[in-house]
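Residue numbers (UniProt numbering): 1 to 243.
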C-alpha cells in the first residue's frame with residue numbers, strides 16, 4: 001500500500017516517518033501507543049518547560065507532497081502549543097518555529113513562527129477537538145496548514161530539505177494528556193483511506209492548483225479525465241492521523 005502511495009520512495013534508503021521518536025525528544029515528553037501518542041510530564045511553569053518531539057525520520061524528498069494531521073485531545077491549561085517541522089538537531093526544549101530551521105503554527109494566538117521567537121499573523125487559534133493538518137510541498141518548498149479540513153493558505157516558503165514533523169507539548173499543566181499522533185498502519189494494510197483526512201481535499205486542491213499553474217500538470221476542458229489521472233499518479237499522500 002505505501003509503495004503505491006510513494007512509488008519513488010525507496011524506504012531502504014529514505015524511510016518514511018511512521019511514528020514519534022523515543023530518542024529524539026525532550027525529557028518532559030512521554031510516548032505511548034507504539035509511539036503514536038504524546039503526553040507532557042514536565043513542570044509547566046515557565047517557557048523553559050516547553051518540550052517537543054521529532055518524528056523517526058525526515059520527510060523524503062521523493063514523496064513530492066507530504067501531509068500529516070494532529071488531533072488536539074487536550075489543550076492543557078493555557079493552550080500554548082504548535083504543530084510544525086524542524087531540521088535534525090534543533091533544540092527540543094522549545095516550540096516549533098522558535099529556532100533556526102524550525103517552523104510552526106501555534107494554537108494560542110494563530111501565528112506562524114519561522115525560525116524566530118516573533119510570530120506573524122497566519123490563521124485562527126486552535127484548541128481541544130481541533131484537527132490541524134500540515135501539507136509540505138517538496139517540489140516548490142512551501143508548506144500550508146489546514147484546520148478541520150479547511151486550508152489556511154501558505155505559511156512558509158523556501159523550506160530547506162530533510163525536515164521532520166514535530167509535535168510539541170507546551171509549558172502548561174503537567175497533568176495534561178494530549179494525543180498527537182502519526183498513524184499510517186491502517187493505510188499500509190489497506191484498511192485506511194486518504195478520503196478520511198479532514199484536510200486531505202484542501203491539501204489536494206491546493207497542490208493541484210499550484211502545480212497546474214506551474215505547468216507540472218497538463219489538462220484542458222476536453223481532458224478532465226486525464227487531469228484526474230495525472231493528479232492521482234503524481235501526487236501521493238500518506239495517512240498520518242491522531243490515535
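Ideal Cβ placement from N, Cα and C applies to all residues, glycine included.
TODO: Would you mind sorting residue 91 into buried or exposed? The rule is 16 or more other CB atoms within 10 Å of its CB.
DONE: Taking the first residue of the chain shown as position 1, residue 91 is located at position 91. Residue 91 comes out exposed.
Task: Cβ neighbours of residue 161 in the same chain (closer than 7 Å, five flanking residues each side left out) - done: Reading the chain shown from its first residue, position 161 is the one you call residue 161. For residue 161, where only same-chain residues beyond five positions count, the Cβ hits under 7 Å are 61.
Open item on the list: Quick check on residue 24: buried or exposed, where buried means 16 or more other Cβ atoms within 10 Å of its Cβ?
Closed with: Taking the chain shown and counting its residues from 1, one reaches residue 24 at position 24. The residue in question, residue 24, is buried, as its Cβ has 16 or more Cβ neighbours within 10 Å.
- [ ] Measure the alpha-carbon distance for residue 74 versus residue 130 and round it to whole angstroms.
- [x] Looking up residue 74 in the chain shown gives position 74. Looking up residue 130 in the chain shown gives position 130. Cα-Cα distance, rounded: 10 Å.
Open item on the list: In the DSSP assignment, the beta strand (DSSP E) including residue 260 goes from what residue to what residue?
Closed with: Beyond the ends of the chain as shown, which are 1 and 243, falls residue 260; an answer cannot be given.
Open item on the list: Let me confirm a value: residue 191 is counted as buried when at least 16 other C-beta atoms fall within 10 Å, else exposed. Which label applies?
Closed with: Counting from one through the chain shown, the residue named residue 191 turns up at place 191. Low confidence applies here, because residue 191 scores a pLDDT of 34, under 50, leaving its location unreliable and the question unanswered by this model.
- [ ] Helix, strand or coil for residue 49, going by three-state DSSP, please let me know.
- [x] On the chain shown, residue 49 is found 49 positions in, with the first residue counted as 1. Of the three classes helix, strand and coil, the one that applies to residue 49 here is helix, per DSSP.
- [ ] Starting from residue 163, follow its DSSP beta bridges and name the residues at the other end.
- [x] Taking the chain shown and counting its residues from 1, the one referred to as residue 163 is at position 163. In DSSP, residue 163 forms no bridge with anything.
Open item on the list: Tell me the rounded alpha-carbon separation between residue 127 and residue 9.
Closed with: As a working mapping, residue 127 is identified with position 127 in the chain shown. As a working mapping, residue 9 is identified with position 9 in the chain shown. Whole-angstrom Cα-Cα distance: 34 Å.
TODO: Look up residue 77 in the DSSP assignment and say whether it is helix, strand or coil.
DONE: In the chain shown, the residue the question calls residue 77 occupies position 77. Three-state DSSP puts residue 77 in coil, outside helix and strand.
Task: Contact set for residue 175: own chain, Cβ-Cβ below 8 Å, skip 5 residues either direction - done: Looking up residue 175 in the chain shown gives position 175. Its pLDDT being 24, under 50, residue 175 is placed unreliably by the model, and nothing is read from it.
TODO: Ignore the nearest five residues each way along the sequence and tell me which others in residue 117's own chain have a CB closer than 8 Å to its CB.
DONE: Walking along the chain shown from the start, residue 117 turns up at place 117. So the qualifying residues of the chain are 98.
Open item on the list: According to DSSP, is residue 62 part of a helix, a strand, or is it coil?
Closed with: Start at 1 with the first residue of the chain shown, and residue 62 comes out as number 62. DSSP places residue 62 in helix when its eight states are reduced to three.
- [ ] Taking the CB atoms as reference points, tell me whether residue 146 and residue 157 lie closer together than 8 Å.
- [x] For this step, residue 146 is matched to residue 146 along the chain shown. For this step, residue 157 is matched to residue 157 along the chain shown. Contact flag unset, no.
- [ ] Classify residue 137 as buried or exposed, calling it buried when 16 or more other Cβ atoms lie within 10 Å of its own Cβ.
- [x] Here residue 137 refers to the residue found at position 137 when the chain shown is read from its first residue. Looking at its Cβ environment, which holds 16 or more other Cβ atoms inside 10 Å, residue 137 is buried.
Task: Secondary structure of residue 152, DSSP reduced to three states - done: Along the chain shown, one-based indexing puts residue 152 at 152. Correct three-state label for residue 152: strand.
- [ ] Take residue 110 and list the residues in its own chain whose beta-carbon comes closer than 8 Å to its own, dropping the five residues that flank it on each side.
- [x] For the purposes of this step, residue 110 is taken as residue 110 along the chain shown, with counting starting at 1. Cβ within range, chain order: 121, 122, 123, 124, 125, 126.
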